[in-house]
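Asker: Dumping the structure here so I can ask a few things about it.
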Amino acid sequence: MEKRVGRRLVLFPLPVQGHINPMLELAHLLYSKGFSITIIQSDFNSLNPSKYPNFTFHSLFYGFSLADLKVEDFPSLAILFNNRIKNPFKECLAKLVRDASESEEPIACLISDALYYFTQSVANSLQLPRIALRTGGSSSTLAYVAFPSLKEKGYLPTPGSQFDVEEAVAEVPPLRVKDLPLINTKHPDKFYEVICNLVNETMVSSGVIFNTFEELESLALAKLRQQFSIPIFSIGPFHKYFPSGSGSSNSLVTPDETCIPWLDKQEPKSVVYVSFGSLAALAEIEMLEIAWGLANSNHPFLWVVRPGMIGGSEWLEGLPSGFVENLGGRGHIVKWAPQPQVLAHPAVGAFWTHCGWNSTVESICEGVPMICMPRFTDQLVNARYVSHVWKIGLQLEKGSERGEIERTIRKLLEENEGKEIRERSSSLKEKAKLCLKQGGSSYHSLEALVAHILSLES
Ligand code: UDX
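The numbering of the sequence shown is the numbering used here, which starts it at 1189 and goes up by one.
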């Protein structure tokens, strides 16, 4: 543990799992660099402060919950977040700043999720520097930066019917029309507005942090550095700084630990781990195709089905009766897995994922090749990079059809094309390890971030 530096940081995560994990990992990291940490969190999806004795927590009253969150409502929800909590957040932050100015530990800056774009003007009004944490990758952020020019060309707010979905989009190579980071919503204009606000308010912040590393996204990072006049820190993979560190330690749901003894019984690199993150939903028909694709592949599988993620079902009612039992132990279904530990298990041979950025980075860190089934926003960009830039996975281009699923699993785990993908995944894993070591790219960027925070004047 490095010596305390006499500066406090206020961190403000968006209250969904894929955003909480990287913010909390960043909190641990900056604490280990000597900063004191205060976390402002929502009154729902909240973490238990007693699990984090080194941090101070404050709760904000949001006046609504995410219990009925539908992904297609995301743009309205993001706008609601940014409008509704501005005043309570400002009051809370102002009090923290006042109290800290009378203590021996002034607040150096606010670090807030880039999607909480309203925090920039609040920080400005309190003369407090703000650093944005962008929880997605820099390649997808680059596509977001291109939104105004994509709108000019007619791709946004939704691609006009003159475009073929397979067509390359010259402004954002190697994306095709169908890879643009959009969401199937009734409110495409609102989504456009949210993303433009995210980009514009990040550009005027005091810096932006990415959970990525140079060797993975050097081109996108270089392009962002040309377009942003603020410092950009690529200090990931966050969860690998601490030997015991893992995303699931910040889980809002208790992970089902039966996964690990079940994995212990399987052959090395034989298991397909299937998880679509914390938000994605499936139709019942898709669930059936997935189930039969997995069963017909003849590979063992560990599948995370969150309660309520299948439309019209509480949990597994849509599966044929006795589906898992009839597989004779070859399939294991859980409601929530200790994902980083699962991916690190020697029995796991492939990760069938929605390509949320955390899942993508966690898979890369363990050298596990991916089967990509993106659902919305940055996941579409991440999937394109996994399959066509880093070439460490295969994308299910035609959605979830049992025959294609079976063929893709076999290709990835058994065939020659799969062998090359598996080898590239292993070599990228080594790069992800090296960048954190002394002299590595993320190691340097983290040192630069610490120096930058200490140089900020509030
Ligand atoms: C969301 C967006 O969907 C994603 O596109 C964006 O990049 C981040 O925010 P989410 O869909 O939840 O996130 O996906 P992801 O980014 O992969 O984050 C999920 C996290 O939950 C990962 O850290 C993963 O390890 C964890 N997880 C998931 C578990 O611990 N157990 C599980 O069973 C499933």
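Just so you know, even glycine gets a beta-carbon here, dropped at the ideal spot from N, CA and C.
Small disclaimer: the values here were computed from a predicted structure and weren't measured.
#1: Output needed for phenylalanine 1306: all residues of its chain with C-beta closer than 7 Å, excluding positions within five of it in sequence on either side, in chain order.
#2: Our contact map puts aspartate 1231 next to phenylalanine 1249 with C-beta atoms below 8 Å; I'd like the distance itself, whole angstroms only.
#3: Would you say the beta carbon of asparagine 1546 is closer than 6 Å to some non-hydrogen atom of ligand 1?
#4: Glycine 1500: which of Glu1472, Gln1527, Ala1483 sits nearest, CA to CA?
#5: Determine whether the beta carbon atoms of alanine 1532 and valine 1460 lie at a separation below 7 Å.
#6: Rounded to whole angstroms, what's the CA-CA distance from isoleucine 1397 to serine 1422? Just pull it up for me.
#7: Could you spell out the range, first to last residue, of the beta strand (DSSP E) harbouring glutamine 1626?
#8: Is any non-hydrogen atom of ligand 3 found closer than 6 Å to the C-beta of valine 1493, if you look at the structure I gave you?
#9: Is leucine 1281 near ligand 1 - that is, is its Cβ less than 6 Å away from at least one heavy atom of it?
#10: Provide the residue(s) that pair with methionine 1558 in DSSP beta bridges, ordered along the chain.
#11: Taking only heavy atoms of ligand 1 into account, decide whether any of them is closer than 6 Å to the Cβ of tryptophan 1450.
#12: Taking lysine 1571 as part of the alpha helix (DSSP H), name the residues at either end of that continuous run.
#13: Scan the segment 1327–1412 and note each continuous beta strand (DSSP E) run of 3 residues or more that stays entirely inside, going in chain order.
#14: When you compare only the Cα positions, how much space is there between proline 1336 and proline 1488?
#15: Can you have a look at leucine 1407 and say buried or exposed, based on whether 16 or more other CB atoms are within 10 angstroms of its CB?
#16: Find the nearest neighbour of alanine 1525 within the set Leu1197, Val1462, Leu1370, judged by alpha-carbon distance.
#17: Going along the chain, which residues of its own chain have a beta-carbon closer than 6 Å to the beta-carbon of threonine 1244, five neighbours each way excluded?
#18: Could you tell me the distance, in whole angstroms, from the CA atom of leucine 1451 to the CA atom of glutamate 1554?
#19: Taking the alpha-carbon of phenylalanine 1464 as reference, which of Met1558, Pro1508, Lys1619, Glu1589 has the nearest alpha-carbon?
#20: Put arginine 1494 into one of helix, strand or coil per three-state DSSP.
#21: With respect to 6 Å, is the separation between the Cβ of serine 1439 and the closest non-hydrogen atom of ligand 1 below this value?
#22: DSSP state of glutamate 1602, grouped into three classes?
#23: With distance defined between alpha-carbon atoms, name the residue in Ala1479, Ser1300, Leu1634 nearest to serine 1509.
#24: Contact between the segment 1502–1521 and the segment 1564–1572 is defined here as three or more beta-carbon pairs at a separation below 8 Å; is this criterion met?
#25: In the structure shown, what three-state DSSP assignment does glutamine 1527 receive?
#26: In or out: serine 1547 buried (at least 16 other Cβ within 10 Å) or exposed?
#27: If you draw a straight line from the alpha carbon of glycine 1481 to that of arginine 1598, how long is it in whole angstroms?
#28: Taking 8 Å as the limit between beta carbons, can you name the residues of its chain near threonine 1442, skipping five residues before and five after?
Answerer: The short version:
#1: Asn1270, Lys1274
#2: 5 Å
#3: yes
#4: Glu1472
#5: no
#6: Here the C-alpha atom of isoleucine 1397 lies approximately 6 Å from the C-alpha atom of serine 1422.
#7: For glutamine 1626, no beta strand (DSSP E) run applies, since DSSP gives it neither H nor E.
#8: For the structure depicted, ligand 3 is absent and the ligand set comprises only ligand 1.
#9: no
#10: Phe1539, Gly1581
#11: no
#12: First, the residue type needs correcting, since residue 1571 is alanine and not lysine in the sequence shown. 1566–1572 is the extent of the alpha helix (DSSP H) around alanine 1571.
#13: 1396–1398
#14: Taking the straight line from one Cα to the other gives about 46 Å.
#15: exposed
#16: Val1462
#17: Thr1226
#18: One C-alpha to the other measures close to 15 Å.
#19: Met1558
#20: Residue state, collapsed to three classes: coil.
#21: Taking 6 Å as the cut-off, the C-beta of serine 1439 counts as close to a heavy atom of ligand 1.
#22: Looking at glutamate 1602 - three-state DSSP - the assignment turns out to be helix.
#23: Ala1479
#24: In this structure the segment 1502–1521 does not touch the segment 1564–1572; the number of beta carbon pairs closer than 8 Å is below three.
#25: Helix, per DSSP.
#26: buried
#27: 11 Å
#28: Trp1524
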